[in-house]
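Going by this note's numbering, the sequence shown wraps up at 846, each residue one higher than the last. Below is one structure, written out as structure tokens; the observations come after it.
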Amino acid sequence: SVDEVADVPVRARDGTVLRVKDVAKVGWGYEEQPHYARYNGKRAVWVTMTQKDGLNVLDIRDAAIVAAEEYRKLLPPDVKLEVAFDQSFDIARKLQQLGRDFAIALAIVLITLLPLGWRASLVVMVSVPLSLMMGVAVLAFCGFTLNQLAISGFIIALGLLVDDSIVVTENIARHLREGQDRITAALSGTREIAVAVIGCTAVLLLAFLPLTFLPEGAGKFTRSLPVAVLGTVAASLLVSLTIVPFLASRLLPRNEPEHGNRFLQVIQNGIQRFYAPLLHWALNSPWKAMAIASVIVFSGLGLVPFIGTSLFPPSGASYFSVGITAPEGAAITQTDRAVRFVENATRGEPDVAGTMANVGRGNPQVFYNQRSYDQRSNIGEVIVNLKQWDEARGNALVDRLRKRFEASADAQYVLKIFQNGPPIDAPILVKVVGPDLGVLKRLAGEVEAVMRKVPGTRDVSNPVAVDQSRLELGLDAGKAALLGVQPGAPRRALRLALAGENAGRLRDNEGDSYNVVVRLPLDARHPVSALDDVFVPGGNGAVPLREIATPRLDSAPPRINRERQQRTVSIQSQIADGYLTAKVNTAVYKAIKGIKLPAGYRFDEGGEAEVAARSFGGLGPIIAFTVFGILAVLVIEFGRFREVAVVAGVIPLGIFGGIVALFVTGNSISYTAVIGFIALIGIEIKNSILLVDFTTQLRARGVELREAIERAGEVRFLPVLLTSVTAIGGLLPLALSGSGLYSPLAWVIIGGLVSSTLLSRIVTPVMYLLIVRGHLP
């Protein structure tokens with residue numbers, strides 16, 4: 070007990086026996102905490118939980134709530150157990166939205182199949198559940214769960230997996246219209262189109278396959294999307310060449326009308342009325358047609374500088390963070406005042422549902438790519454939970470708070486809206502690397518000043534802008550030795566006075582153990598001069614500290630981190646609304662080129678640019694692999710480079726449409742948009758193969774070149790149109806969802822398919838005429 074500690078005898082230098090209570094005040098006290106937390110302004114303790122790999126976060130949430138309710142019954146009345154943060158709600162909302170988009174996409178795909186007739190549509194739609202089930206099995210086999218990116222992959226695949234089935238079914242129906250019976254039509258129609266279908270799907274798989282090998286965190290983040298597409302599209306190929314012909318031989322009408330149903334007749338009339346004359350003109354004036362197409366494509370490329378680039382978009386999560394950094398070495402009480410300032414500033418906002426605050430360290434991880442702060446007395450963080458995320462209102466609130474915090478000089482406040490993608494410290498980050506602390510501080514200050522002047526930067530932070538304070542002992546070692554003071558004794562005496570020293574452990578009757586701390590009766594508000602009265606053990610008794618030392622507060626260099634064993638200072642900046650990160654980053658590095666660097670010092674690029682360099686840097690070999698893989702498939706299928714060149718000529722047409730779509734919708738060329746461009750190459754080449762392959766087949770049968778080109782263009786117009794429209798219909802809900810993560814990818818493919826479908830119906834036949842000419846297959 071405390072009384073027993075107070076009665077412990079101690080021996081004085083003269084041999085007198087004293088008790089602890091004779092020389093000290095003994096009592097209970099609170100241990101000084103290195104950090105503490107609050108929830109909605111009240112003291113709290115965080116208990117966090119994350120899911121294990123392969124488990125369903127929604128199931129874990131349900132089990133955790135049951136366990137929490139049981140534990141709540143054991144708590145005293147003045148202690149509450151509340152759920153401060155539950156990311157599963159955001160996940161459930163996103164999955165629900167993606168599920169809705171999937172249902173809408175399925176309905177759109179069904180509508181686009183009407184020209185085939187309801188029997189043919191039924192045959193095609195059977196491939197959807199079969200392919201999706203196989204795709205889910207592949208996803209599970211590869212170790213991925215059904216997350217939002219995987220579901221996005223299935224939505225993308227929804228518009229693609231029916232392509233093979235549409236082409237096969239439409240070709241069988243065409244043979245039926247030509248008078249064949251159902252069995253013969255199924256066999257001959259499938260045999261005629263099988264090589265083209267296999268080649269088309271192989272090209273599409275090659276377009277998505279390299280995406281599974283994307284490097285760094287960005288590749289890991291997006292990997293489940295291409296895996297979902299690959300598994301589903303590969304399954305659709307199997308279904309289209311086996312199950313679809315069987316069902317077609319059983320379900321399609323025995324006597325298919327010569328011109329199809331009403332929807333098909335309307336499309337065929339449109340082909341004859343508009344497309345056939347335009348194609349005839351283009352084949353009569355091939356160079357003029359190619360010139361017009363070239364002007365159109367190159368005009369689209371001119372939009373690239375106005376679009377800009379970025380890595381990953383904001384997450385749309387209904388919360389944001391406020392990072393607080395007090396001067397280096399600040400007491401936790403000073404940091405706490407800054408944290409309370411943030412809590413009070415957000416409390417009156419109508420959109421704010423609550424706050425989670427941590428003082429002395431960062432908050433628990435509330436977002437998958439959030440980095441936790443180390444435990445330091447001068448840092449804090451507040452997570453502001455909103456009732457719901459509305460981009461306009463949320464950004465307005467963040468800007469309002471930012472202006473209020475800028476007026477406070479006691480700490481630095483950085484407001485951050487969470488981004489998708491791999492962890493990034495800040496969008497703009499300049500690393501100053503070199504050996505000397507003083508030079509690093511000077512250069513960092515110059516970079517900070519330059520960065521603040523660049524339009525588009527905000528919340529610029531320099532970790533070495535303010536020196537930290539430290540207590541300098543000022544010991545006279547010679548005088549201390551003369552008085553018999555042992556080395557280390559003055560510092561131990563100071564530690565005893567300021568922080569205390571553990572003298573043992575006290576165990577009470579209930580078995581709980583406590584530290585016994587010995588310290589002088591000084592509090593945090595005593596001036597440095599109070600240390601003059603601290604006594605240090607000497608050879609002939611206690612020696613006043615003032616006799617051997619002159620304690621004083623002095624400045625010291627801030628803590629400087631090392632990267633690759635080199636001292637590094639990182640100056641960071643957030644991006645103001647309405648500015649593109651890539652353009653601001655370019656402006657920053659152009660501006661700091663005017664700073665003269667001494668020998669042995671350099672500026673390294675960090676932040677989003679560093680992550681983008683690693684992520685996009687891996688795209689070069691991947692794109693090269695995709696192109697060469699596709700070319701290899703085309704050479705194997707056609708056997709000659711002339712046809713390969715014709716098929717590959719469609720690529721710029723789709724890229725043009727993707728760029729225009731990004732420009733019109735206000736999206737930048739982001740990481741997911743680049744994935745969209747890679748996928749688009751495979752999709753549009755797939756459509757081009759259908760036309761070139763059939764043209765080559767007709768010429769092999771002895772049909773004259775011009776007649777073969779025109780006939781192939783008219784016959785293959787419908788399946789190409791249907792496959793493109795179903796792909797666009799499947800992607801449309803994803804594009805219109807407004808998600809910064811999925812929408813750019815969807816818009817790129819939609820825009821590319823629109824331009825490619827329209828332009829390639831003219832450009833591909835013209836290129837076939839100019840390149841292949843009289844060369845028989």
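Glycine is no exception: its CB is placed at the ideal position from the N, C-alpha and C atoms. Since we're looking at a predicted model, the values are computed, not measured.
Taking the alpha-carbon positions, what's the Thr117 to Ile134 distance? Roughly 13 angstroms between the two C-alpha positions.
Reference Leu199; option with closest CA among Arg188, Gly385, Ala271, Leu227: Leu227
Reference Lys47; option with closest CA among Asp673, Glu139, Gln156, Gly431: The shown model of the chain, from 70 to 846, leaves out residue 47, and the question about it has no answer.
What number of angstroms, rounded off, separates the C-alpha of Val516 from the C-alpha of Arg527? Going by the C-alpha atoms only, they are around 14 angstroms apart.
Distance check for Ser354 and Pro279, CA to CA, integer angstroms please. C-alpha separation (whole angstroms): 39 angstroms.
Specify the secondary structure class of Gln641 as computed by DSSP and reduced to three states. DSSP places Gln641 in strand when its eight states are reduced to three.
Distance check for Trp816 and Gly727, CA to CA, integer angstroms please. Here the alpha carbon of Gly727 sits roughly 7 angstroms from the alpha carbon of Trp816.
Buried or exposed: Ala776, going by 16 or more other Cβ atoms within 10 Å of its Cβ? Note that residue 776 is Glu in the sequence shown here, rather than Ala. With fewer than 16 other Cβ atoms within 10 Å, it is exposed.
Within 10 Å of its beta-carbon, does Gly751 have 16 or more other beta-carbons around it, so buried, or fewer, so exposed? buried
Contact between the stretch 808–823 and the stretch 788–798 is defined here as three or more beta-carbon pairs at a separation below 8 angstroms; is this criterion met? yes
Minimum C-alpha distance to Arg768 - residue among Tyr837, Ser739, Gln488, Glu632: Tyr837
In angstroms, rounded to a whole number, what distance separates the CA positions of Ala465 and Asn454? If I take the Cα positions, the gap works out to 15 angstroms.
If you run the structure through DSSP and keep just helix, strand and coil, what is Met118? Three-state DSSP puts Met118 in coil, outside helix and strand.
Between Pro590 and the rest of its own chain, which residues show a CB-CB distance below 8 angstroms, the 5 nearest in sequence each way excluded? Lys94
Count the other C-beta atoms from every protein chain shown that fall within 10 angstroms of the C-beta of Met202, then say buried if there are 16 or more, exposed otherwise. So Met202 ends up on the exposed side.
Gly771, buried or exposed, once every other Cβ within 10 Å from all chains shown has been counted against 16: exposed
With C-beta atoms as the reference, is Thr270 less than 9 angstroms away from Leu306? yes
Are Gly676 and Ile493 close, meaning C-beta to C-beta below 9 angstroms? yes
Please report the distance separating the alpha-carbon of Ile720 from that of Pro382. Straight-line measurement puts the Cα of Pro382 at about 27 angstroms from the Cα of Ile720.
Please return the same chain residues whose Cβ sits closer than 7 angstroms to the Cβ of Arg188, not counting the five positions on each side in sequence. Leu320, Leu321, Pro322
Determine the direct distance from the alpha carbon of His349 to that of Met194, and round the result to whole angstroms. 35 angstroms
Could you tell me the alpha carbon to alpha carbon distance between Ile818 and Phe171, rounded to whole angstroms? 17 angstroms
Determine the direct distance from the alpha carbon of Ala546 to that of Glu73, and round the result to whole angstroms. When rounded, the distance between both Cα atoms is 40 angstroms.
Once the 5 residues before and after Val207 are set aside, which same chain residues still bring their CB inside 6 angstroms of it? Gly300
What's the gap between the Cα of Thr655 and the Cα of Glu450? 30 angstroms
Please report the distance separating the alpha-carbon of Val408 from that of Val197. 54 angstroms
Kindly indicate which three-state DSSP category Val587 falls into: helix, strand or coil? The answer is strand: DSSP assigns Val587 an E or B state.
With distances taken Cα to Cα, identify the nearest neighbour of Ser530 among Val308, Ala495, Leu544, Ile312. Ala495
Can you give the beta carbon distance from Val89 to Ala75, rounded, assuming they're within the 8 angstroms contact cut? 5 angstroms
Give the secondary structure of Gln766 by DSSP, where H, G and I count as helix, E and B as strand, and everything else as coil. helix
Are Thr741 and Leu814 closer than 9 angstroms when you measure CB to CB? Taking 9 angstroms as the Cβ cut-off, Thr741 and Leu814 qualify as a contacting pair.
For Thr402, is the classification buried or exposed, using 16 other Cβ atoms within 10 angstroms of its Cβ as the cut-off for buried? Under this definition Thr402 is an exposed residue.
DSSP-derived helix/strand/coil call for Ala254: Assignment of Ala254 by DSSP, reduced to helix, strand and coil, places it in the helix class.
Given this structure, state the Cα-to-Cα distance separating Val519 from Lys662, to the nearest angstrom. 10 angstroms
Whose C-beta lies closer than 6 angstroms to the C-beta of Leu372 among residues of the same chain, with five residues either side of it excluded? Here the set comprises Ile728, Phe732.
Please go through the stretch 532–559 and give each complete beta strand (DSSP E) segment of 3 or more residues, from N-terminal end onward. 537–541
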